[in-house]
Structures are given as structure tokens and as C-alpha cells.
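Asks: Have a look at the structure that comes next, please.
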Amino acid sequence: MKKAKIAVIGSSSMDLVVTSAKRPSAGETVLGESFQTVPGGKGANQAVAAARLGADVYMIGCVGTDPYGEAVLTNFRENGVHTDYVEPVTDARTGTAHIILAEGDNSIVVVKGANDHVTPDYVEKLIPFFQTCDLLMIQQEIPEETVETMAQISADIGVPLLLNPAPARQIPAEVIEQAAFLTPNEHEAAVLFDGGNPEDVTKRYPGKLLITEGEKGVRYYDGATEKLIPSFSVQVVDTTGAGDTFNAAFGTAIAEKQDMEAALLFANRAASLSVTGFGAQGGMPTREEVERALRS
């Protein structure tokens, strides 16, 4: 089978990860258990995950000309992600994410850095390349106007756009209309749709709006029925990157022309495997691992 060609427009960063038994309150100091630096950023995570899952992936983004930027580029190449359109910039440092893993969940502060250089002008010059892709994927750790520009580009050239609206913020109605798929989690959906009931909201966007609900699975409306595609029970090590893995797996399956339920099952399985390893990318599975898990 020919590989699906996917362009991921988004952020690249270095994750600075601390593990601790307790999350500190304001003004409190606690002792951590470990510290690691691992490549991350929602765009980079989704690019790496999609490449591991069998897609032909091109990253569209910016890094700084610093050691973190070099490490991010090296990591892309080691994972088979094309870096032809990743631009090093000299007047900003590579983005960083400061992550605390504690009490079975994560807290994250993102410093965008070079990711703010992923501008509308930067993506507009790549329209001829985008026309050769099967799917465009984007998230919201880059400037808001770039997301809006990409939504318009996708509509103009007829290549579907998967928008993962994270971090959560309001999105213009025309962007929602132009995106082929919208994949918020429960918190992000509440921000997008002013706390509306998920069952009611999904009915407004049949086959487009997919709300991920953690252990419960993924909710969507197929045009006739409200459906909840269940997740898989696993031993959780680190939830960082689970959403990115879900998006990458769903995007890969959709770009391969799998039907909605098959794509969501594939995505849920990939996401469940991702939380069994450390770091946003550490647990991201290969295609073979996901398919083997689905058979078992």
C-alpha cells in the first residue's frame, strides 16, 4: 500500500520533564524524583507519531539555531520525518515545554519561542507543496492567524485539514466550517462551544467533530446516531502525548481512506499504547505494534 502523504503544520519544542510524587501548590517547593529533556511540541509529536505509524510525513515549522533546535531536527530525521520545510530562525530560541508529572497526570507550561515564526507568509509559500498531500494536520501552539490561513488554504486547494484545537481557544466559525475534522478533548470542547453538552454539540457537526473523552473513548455523531468508540485499558506510565498520538493515528488512517470507525479504533489503540512509555514521544507505537495489539 502506498504511504499516505501528510504535512504537519505546527510546533516543535524541547520538553523539560520533572517527575514528582506531589504537584507543588503556589509558593510551595517539593522534591522531584527525576528530570529529562525529550523532544516535543504538539506538531512535532504528531509528525513523529504519524511517521512511526506508516505515513510519509513532512514537518512544517520553525526551530532556533541553538542546541535544542539541533536536537529537534536530529530527532525528526531519526524518526523518518522529512525536514525540508523546517526553518531554523536566528532571532528566537527553540520552543520549550515545562512539564510536571505528578499524581497520575501532567501539568504543562509552554514557551513558544521560534514557533511564533510559523506565520501566514511562511505557510502561504508552501501552497504548491500542500497540493501534493493527502492530509494537512495543524494544532494551536502556533499563531492563531496561521491556523486561520491554513484553514482557508485547505478549502481553496481541496486537501482536508485535521485541526486539533489545543491549547484551547475560541475558533472563528469559518475555520470550523473549513476544517474536515476537529478533535478537541472534553476541556477544549467546552471552551470552543461555551460548555455545551457534548451530545448536542457533536450533532451540529456530523462526521467532523470528534471529542476525545480519555478512558471513555471518542464521541462523534455519524449523521444518524451518537457514537462512543471505546478506549482500551492499559497500565498508565505517562499521559503526555496521548492526544497527539490519537490525532496522528486518526489522520494516518483517514489519509489512507479507512472508514471513520476503523480510523477511530486504530487511533484509540495507538493512544492507549502511547501512555505505557515515558515522554510525549517515548511511548508512541509503530504501525506493527498497533496492528498486533488490535489483533490480540
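Be aware that the sequence shown starts at -4, since it is given in our numbering, and climbs by one per residue.
Glycine included, each C-beta is placed from N, C-alpha and C at the ideal position.
What residue does the alpha helix (DSSP H) around Q135 start on, and which one ends it?
Replies: Premise fails: Q135 is in no alpha helix (DSSP H) and is neither H nor E.
Asks: State whether the segment -3 to 11 contacts the segment 42 to 56, with contact taken as three or more CB pairs (one from each stretch) at a distance under 8 Å.
Replies: These segments touch.
Asks: Once DSSP output is grouped into helix, strand and coil, what is the label at A44?
Replies: Helix.
Asks: So, at 7 Å on beta carbons, what are the nonlocal neighbours of V196 in its own chain, with the 5 sequence-adjacent residues on each side left out?
Replies: Excluding sequence neighbours, V196 sits near A184, F188, L204.
Asks: Can you name, in chain order, every residue of its own chain whose Cβ lies under 6 Å from the Cβ of G295, other than the five neighbours on each side?
Replies: Since the first residue shown for the chain is -4 and the last is 291, residue 295 is missing from the structure and cannot be characterised.
Asks: Grab me the residues of E251's own chain with a C-beta within less than 6 Å of its C-beta, minus the 5 sequence neighbours each way, in chain order.
Replies: Here the set comprises A(-1).
Asks: My guess is that G38 and Q134 are in contact by the Cβ rule of under 8 Å, so how many angstroms apart are they, rounded?
Replies: With 8 Å as the limit, G38 and Q134 qualify as a contact, their Cβ atoms being about 6 Å apart.
Asks: Grouping DSSP H, G and I as helix and E and B as strand, with all else coil, what is T235?
Replies: Three-state DSSP puts T235 in coil, outside helix and strand.
Asks: Do N40 and D254 come within 7 Å of each other at the CB atom, strictly closer than that value?
Replies: Not a contact, by the Cβ cut-off of 7 Å.
Asks: With DSSP run on the structure shown, which of helix, strand or coil describes E221?
Replies: If DSSP states are grouped into helix, strand and coil, E221 belongs with the strands.
Asks: I need the DSSP call for V366, collapsed to helix, strand or coil.
Replies: Residue 366 falls outside the range modelled here, since the chain spans only -4 to 291, and no answer is possible.
Asks: Tell me, which residues are paired with E31 by DSSP?
Replies: Before going further, note that residue 31 is Gln rather than Glu in the sequence given. Partner(s): V12.
Asks: Which residue spans inside the segment 61 to 94 form an unbroken alpha helix (DSSP H) run of at least 4?
Replies: Runs of the alpha helix (DSSP H) inside the segment 61 to 94: 62 to 73.
Asks: Can you have a look at S20 and say buried or exposed, based on whether 16 or more other CB atoms are within 10 angstroms of its CB?
Replies: By the 10 Å Cβ count, S20 comes out exposed.
Asks: Here's the rule: buried if 16 or more other CB atoms are within 10 angstroms of the residue's CB, otherwise exposed. What is I137?
Replies: With 16 or more Cβ atoms within 10 Å of its Cβ, I137 is classed as buried.
Asks: Tell me which same chain residues have a C-beta within less than 6 Å of the C-beta of N242, skipping the five on either side of it?
Replies: Excluding positions up to five away in sequence, the list reads Q41, N159, T178.
Asks: Tell me which same chain residues have a C-beta within less than 6 Å of the C-beta of A92, skipping the five on either side of it?
Replies: The residues are S8, D10, G35, I103, V105.
Asks: What do you reckon, are the CB atoms on A175 and P155 nearer than 7 Å?
Replies: Yes, the Cβ-Cβ distance between A175 and P155 is below 7 Å.
Asks: Look at the Cβ atom of T89, then the Cβ atom of A109, and state whether they are nearer than 7 Å.
Replies: Yes, the Cβ-Cβ distance between T89 and A109 is below 7 Å.
Asks: Less than 7 Å between the beta carbons of P115 and E140, yes or no?
Replies: In this structure, E140 lies closer than 7 Å to P115 by Cβ.
Asks: Give the straight-line distance between the Cα atoms of A150 and V118, rounded to the nearest whole angstrom.
Replies: Going from the Cα of A150 to the Cα of V118 covers about 14 Å.
Asks: To which residues of the same chain is T234 closer than 7 Å at the C-beta, ignoring the five residues directly before and after it?
Replies: Correct list, in chain order: D100, N101, V270.
Asks: What residue range is occupied by the uninterrupted alpha helix (DSSP H) comprising A288?
Replies: Residues 282 to 290.
Asks: I'd like the span of the beta strand (DSSP E) that includes I4, first residue to last.
Replies: It spans 0 to 4 - the beta strand (DSSP E) in which I4 sits, taken as one unbroken run.
Asks: For M279, does the three-state DSSP call read helix, strand or coil?
Replies: Three-state result, M279: coil.
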